[in-house]
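Visitor: The sequence shown begins at 6 in our numbering and counts up by one. Here it is, the structure, as structure tokens.
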Amino acid sequence: MIGESKRILVIDDESRMCHSLEQLLSSGGYEVTTTQSGRDGIKKIQSERFDLILTDIKMPEVSGMDILRTAREVDPELIIILMTGYASLETALEAIKNGAFEYLLKPVEFTQLEISVRRGLEKRAASLYNKRLLEDLKEANHNLNNRLLEINALYEAGKSLGSALNHKDLLHKIVTLAAGVTQAEIGSVMLINESGEYMTIEASIGLDRSLAETVQLPVGSSIAGYVAQSGKPLIIDDVEKDDRFQRINKERYSSASLLCAPLVITNRTLGVINMANKKEGEKFNEHDLKLLTTFAAQAAVAIDDARQFENNRQKLREFSLLFEISQKLSAVGSVSAMRKVVFEYLRKLMPIDFALWFEWEPIAQHLRPVGAVGTDIPMTDSGTINLDLIRREEITIEDIDFGAIDVNNISALSSYLSKKITDCPAYPRPGPNFTALPVLQEKELKHIYCIGSRSDRHYSDQEISLARLVISHASGLYEREKALLNATRLLTMGNMISEISHDLRKPLTNLKGWVQILCEKWPEVGKDGKFFGMAEEEIQRLNELVRELVDFSRPHKYETELRDLRKVIGRAAELLGPEFRKKNISFSEEYSDCNWEIPINKNQVLEVFLNLFINAVDAIDDGKPGTIHVHGEIGRPDFKKADYLAVTVTDNGHGIKKENLPRIFDRYYTTKDTGTGLGLSVVERIIAAHGGTLKVESDYGRGTDFTLYFPI
Numbered sequence: 006m007i008g009e010s011k012r013i014l015v016i017d018d019e020s021r022m023c024h025s026l027e028q029l030l031s032s033g034g035y036e037v038t039t040t041q042s043g044r045d046g047i048k049k050i051q052s053e054r055f056d057l058i059l060t061d062i063k064m065p066e067v068s069g070m071d072i073l074r075t076a077r078e079v080d081p082e083l084i085i086i087l088m089t090g091y092a093s094l095e096t097a098l099e100a101i102k103n104g105a106f107e108y109l110l111k112p113v114e115f116t117q118l119e120i121s122v123r124r125g126l127e128k129r130a131a132s133l134y135n136k137r138l139l140e141d142l143k144e145a146n147h148n149l150n151n152r153l154l155e156i157n158a159l160y161e162a163g164k165s166l167g168s169a170l171n172h173k174d175l176l177h178k179i180v181t182l183a184a185g186v187t188q189a190e191i192g193s194v195m196l197i198n199e200s201g202e203y204m205t206i207e208a209s210i211g212l213d214r215s216l217a218e219t220v221q222l223p224v225g226s227s228i229a230g231y232v233a234q235s236g237k238p239l240i241i242d243d244v245e246k247d248d249r250f251q252r253i254n255k256e257r258y259s260s261a262s263l264l265c266a267p268l269v270i271t272n273r274t275l276g277v278i279n280m281a282n283k284k285e286g287e288k289f290n291e292h293d294l295k296l297l298t299t300f301a302a303q304a305a306v307a308i309d310d311a312r313q314f315e316n317n318r319q320k321l322r323e324f325s326l327l328f329e330i331s332q333k334l335s336a337v338g339s340v341s342a343m344r345k346v347v348f349e350y351l352r353k354l355m356p357i358d359f360a361l362w363f364e365w366e367p368i369a370q371h372l373r374p375v376g377a378v379g380t381d382i383p384m385t386d387s388g389t390i391n392l393d394l395i396r397r398e399e400i401t402i403e404d405i406d407f408g409a410i411d412v413n414n415i416s417a418l419s420s421y422l423s424k425k426i427t428d429c430p431a432y433p434r435p436g437p438n439f440t441a442l443p444v445l446q447e448k449e450l451k452h453i454y455c456i457g458s459r460s461d462r463h464y465s466d467q468e469i470s471l472a473r474l475v476i477s478h479a480s481g482l483y484e485r486e487k488a489l490l491n492a493t494r495l496l497t498m499g500n501m502i503s504e505i506s507h508d509l510r511k512p513l514t515n516l517k518g519w520v521q522i523l524c525e526k527w528p529e530v531g532k533d534g535k536f537f538g539m540a541e542e543e544i545q546r547l548n549e550l551v552r553e554l555v556d557f558s559r560p561h562k563y564e565t566e567l568r569d570l571r572k573v574i575g576r577a578a579e580l581l582g583p584e585f586r587k588k589n590i591s592f593s594e595e596y597s598d599c600n601w602e603i604p605i606n607k608n609q610v611l612e613v614f615l616n617l618f619i620n621a622v623d624a625i626d627d628g629k630p631g632t633i634h635v636h637g638e639i640g641r642p643d644f645k646k647a648d649y650l651a652v653t654v655t656d657n658g659h660g661i662k663k664e665n666l667p668r669i670f671d672r673y674y675t676t677k678d679t680g681t682g683l684g685l686s687v688v689e690r691i692i693a694a695h696g697g698t699l700k701v702e703s704d705y706g707r708g709t710d711f712t713l714y715f716p717i
């Protein structure tokens, strides 16, 4: 007989019977234990595990029926076979009723006994197998119910998240729902700041409020920082024993078990969800982590949607604001009224006690105020600064160096101008929330609008963004109004100048003729040369002035076409070649390899270089070897952000005194014995008409550099 090693307990008060049954059953491969005491048999049943009990019914102290009932109580699946030498129907019925598997008469036939034992053990094996299947089924059903509850919880959480578009409310819902799904008592949502450097707690449950408001965790530091940086969820069984992490601040959790899942959307980490202190002191498991990770994926989508909604709402607000202020600004009748509207509108959006509107003048390197509200600066009834009561120098901020800072960095710009304004007594003292808002057009600084209040509260990024939007729009209108006003003035002046110039030419011609006639009539006066020479010079100066006025009044005078600038410069040098040779002046040119064809008016630019070369010739003392060198390259003026063609004319003449430099472009200003003083003013006007600028540097006694910048 082949069978598994099953345990059988034999109970019989006859030692021979016990020995015979042990021999028989052991030979069948069973593990057999025998006892001759019914009481001892019950103890063994209660303390050890058996698969089958073979017991006599009639024994002293404890009967087989007592053993049967005890065995069924200990293990309902235990197989009990009863033996008796005193068979009766009543005993057999009671045995069957109490759950006996078989009822055998003594003397027992061993073959029948073997069959009964084998069948009993087979029944037990089947019963135990079915019991295990039933338990597995119950466990599977229990797990399935749990999963269904979790899925339903995730579904409900998703619906709940989808209905919350307010960012703050959404984050509070996320941490509350996550704690419910994972059965956690403490939780938090941490989001990465815009710069991506650190995280802050934006919503929490079970955490001290002061702690939640002060935590600023660098990305990559501690558990949450590690998860945010790696983008991988993490479960910690015991934070105190994990060598990768150390606690920061004070101990926060009574449980050492933690969960942390990243909030990731399209490979971009928004932050993390932390959970701790599982209810009833249990530890989190991998299933909890998977559950939180799934929920975090839903939460990340909800957070991103809420952010997009907030951004869209902000854009809508900005467009509405722009439309509303555009309507108001379009209805005002003057620039001063426009400034008042801007100030009043901004005061509705944010706390402002004063505002200063500056216009940037790059050549002079200073800020000129064009409007002020909420200050002690005297204003006229029309809303402009009253220059009869305060000098312009008192309110102009000079010596501005924007080369050292980025004007787009509002914090740095505000700090820089705050110090400058503090030095100017006419302006209110800047407070901690003083803010300077730059206005750029085509990447070049045009205006700076400064705001401030007596409050210590700093303006938010949103408030600053809205203010910049309003100021930029108002500045654009201001520039257009100013350009329109200037164009109207220029048109009127052009017409008037054209008529006056035409009327002046005839009398000047007559005067010149009469001077020549008088010089011939009174030669003795003409010999001296002072009287008639002075008269002719003044008439010539008036003629030059009239010619310039006529040029100014002709728009076609500045019509441009593509020309090689180097050829124009060469033509000017060629025309003055005899002068160069006469004064022993060496002329040279050097140009970098770039495109020198630019839109210019050839005749006007030729006049520019003729004036510069003539000034250089006049500045070189007779008898001294002179040099005039022209160098051309791509360059950029100090106050511009675009590249220009830069042409520098250098001479080794006597130079210009430092005190004379600010006046060299003034009309009629000259330090020479001859000349009208119009040459450099003409140069400046022609370069400005071409959209360029110029710079002069001079070392008195050594020479002068004139650099002309032509737009590319």
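Every residue gets a Cβ at the ideal spot worked out from N, C-alpha and C, and that includes glycine. Bear in mind the structure is a predicted one, so any value in this text is a computation, not a measurement.
Tell me the DSSP secondary structure of THR565 in three-state form.
Guide: In this structure, THR565 counts as coil in the three-state DSSP scheme.
Visitor: Assuming SER460 and PRO356 form a contact by the criterion Cβ under 8 Å, report the distance between their Cβ atoms to the nearest whole angstrom.
Guide: Indeed, because the Cβ distance is near 5 Å, the residues count as touching under 8 Å.
Visitor: In terms of DSSP beta bridges, what is VAL37 paired with?
Guide: Bridge partners of VAL37: ILE13.
Visitor: Rounding to the nearest angstrom, what Cα-Cα distance links GLU689 and PHE614 in this structure?
Guide: Straight-line Cα distance between these residues: approximately 11 Å.
Visitor: For PHE592, collect the residues of the same chain with a Cβ closer than 7 Å to its Cβ; drop the 5 residues on either side in sequence, then sort them by chain order.
Guide: Within the same chain, PHE592 has close Cβ partners ALA578, PHE585, ILE633.
Visitor: Looking only at DSSP bridge pairs, what is PHE592 linked to?
Guide: Looking at the DSSP assignment, PHE592 forms a beta bridge with ILE633.
Visitor: Could you compute how far the alpha carbon of ALA71 sits from the alpha carbon of LEU109?
Guide: According to the sequence displayed, residue 71 carries Asp and not Ala. Their Cα atoms are separated by approximately 17 Å.
Visitor: Between the Cα of LEU334 and those of LEU326, ARG124, MET343, spot the shortest distance and give me the residue it belongs to.
Guide: When each option's Cα is compared against that of LEU334, the closest is MET343.
Visitor: Just mark GLU107 as buried or exposed, buried being the case when its beta carbon has 16 or more other beta carbons within 10 Å.
Guide: So GLU107 counts as buried.
Visitor: Can you tell me whether ALA62 is buried or exposed? The criterion is at least 16 other CB atoms within 10 Å of its CB, across all chains shown.
Guide: The amino acid at residue 62 is misidentified as Ala; the sequence shows Ile. It is buried - the Cβ of ILE62 has at least 16 other Cβ atoms within 10 Å.
Visitor: My guess is that ILE410 and LEU418 are in contact by the Cβ rule of under 8 Å, so how many angstroms apart are they, rounded?
Guide: Rounded, the Cβ-Cβ distance is 6 Å, consistent with contact.
Visitor: So, under 8 Å CB-CB, ILE415 and ILE469 are touching, yes? Tell me the CB distance rounded to an integer number of Å.
Guide: Right, their Cβ atoms sit about 7 Å apart.
Visitor: Using a threshold of 9 Å, state whether the C-beta atoms of LEU118 and ILE58 are closer than that.
Guide: Their beta carbons are not under 9 Å apart, which means LEU118 does not touch ILE58 by this criterion.
Visitor: Within 10 angstroms of the Cβ of ARG21, are there 16 or more other Cβ atoms? Answer buried if so, exposed if not.
Guide: Exposed, because fewer than 16 other Cβ atoms sit within 10 Å of the Cβ of ARG21.
Visitor: So, helix, strand or coil for LEU238, using DSSP?
Guide: Checking the sequence shown, residue 238 turns out to be Pro, not Leu. Of the three classes helix, strand and coil, the one that applies to PRO238 here is coil, per DSSP.
Visitor: Sorted by chain position, which residues of the same chain lie with C-beta nearer than 7 Å to PHE670's C-beta, five sequence neighbours on each side aside?
Guide: Excluding sequence neighbours, PHE670 sits near LEU685, SER686, GLU689.
Visitor: Figure out for me which residue from GLY457, LYS526, TYR91, PHE300 has the closest Cα to the Cα of THR181.
Guide: Here the closest residue by C-alpha is PHE300.
Visitor: Using the C-alpha atoms, what's the distance from VAL444 back to PHE407?
Guide: Each residue's Cα considered, the two are about 14 Å apart.
Visitor: In or out: PRO383 buried (at least 16 other Cβ within 10 Å) or exposed?
Guide: It is exposed - the Cβ of PRO383 has fewer than 16 other Cβ atoms within 10 Å.
Visitor: Can you say whether PRO435 is buried or exposed, counting buried as having 16 or more other CB atoms within 10 angstroms of its CB?
Guide: Classification for PRO435: buried.
Visitor: Can you give the Cα-Cα distance for GLY185 and LEU296, rounded to whole angstroms?
Guide: Near 11 Å, if we compare the C-alpha coordinates of LEU296 and GLY185.
Visitor: Just to confirm, are ARG74 and LEU83 a CB contact at a threshold of 9 Å?
Guide: Cβ atoms of ARG74 and LEU83: not closer than 9 Å.
Visitor: If you draw a straight line from the C-alpha of GLY481 to the C-alpha of ASN606, how long is it?
Guide: Cα-Cα distance, rounded: 30 Å.
Visitor: Closest Cβ-Cβ distance between PRO512 and chain D: below 9 Å?
Guide: Of the chains in the structure shown, none is chain D; there is only one protein chain.
Visitor: When the distance is taken between beta carbons, is HIS478 closer than 9 Å to LEU726?
Guide: Residue 726 lies beyond the residue range present for the chain, which begins at 6 and ends at 717; the question has no answer from this structure.
Visitor: Give, in chain order, every unbroken run of the beta strand (DSSP E) that is at least 3 residues long and sits entirely within the region 361-390.
Guide: Runs found: 371-378.
Visitor: Can you tell me where the alpha helix (DSSP H) holding HIS24 begins and where it ends?
Guide: 20-32 is the extent of the alpha helix (DSSP H) around HIS24.
Visitor: Relative to the C-alpha of SER31, which candidate in PHE115, CYS599, GLY706 has its C-alpha closest?
Guide: Of PHE115, CYS599, GLY706, the residue nearest in Cα terms is PHE115.
Visitor: Does DSSP put THR75 in a helix, a strand or coil?
Guide: In this structure, THR75 counts as helix in the three-state DSSP scheme.
Visitor: Kindly indicate which three-state DSSP category ARG273 falls into: helix, strand or coil?
Guide: The answer is strand: DSSP assigns ARG273 an E or B state.
Visitor: Report back the beta-carbon spacing between GLY276 and ILE197 to the nearest angstrom; my notes put them in contact at under 8 Å.
Guide: Confirmed, Cβ separation roughly 5 Å.
Visitor: Excluding sequence positions up to five away, which residues of its chain have a Cβ less than 8 Å from the Cβ of PHE363?
Guide: So the qualifying residues of the chain are LEU372, ARG373, PRO374, VAL375, ILE402, HIS452, ILE453, TYR454, CYS455.
Visitor: Run the CB neighbour count on SER193, radius 10 Å, all protein chains shown included, and call it buried at 16 or more, exposed below.
Guide: Buried: at least 16 other Cβ atoms inside 10 Å.
Visitor: First and last residue of the alpha helix (DSSP H) that includes GLY708?
Guide: Looking at the DSSP string, GLY708 is not in any alpha helix (DSSP H); the run it does join, the beta strand (DSSP E), is 708-716.
Visitor: From LYS572 to GLY660, what does the alpha carbon distance come to, in whole angstroms?
Guide: Going from the Cα of LYS572 to the Cα of GLY660 covers about 27 Å.
Visitor: Ends of the beta strand (DSSP E) at GLY192?
Guide: Taken as a continuous stretch (DSSP letters only), the beta strand (DSSP E) holding GLY192 covers 189-197.
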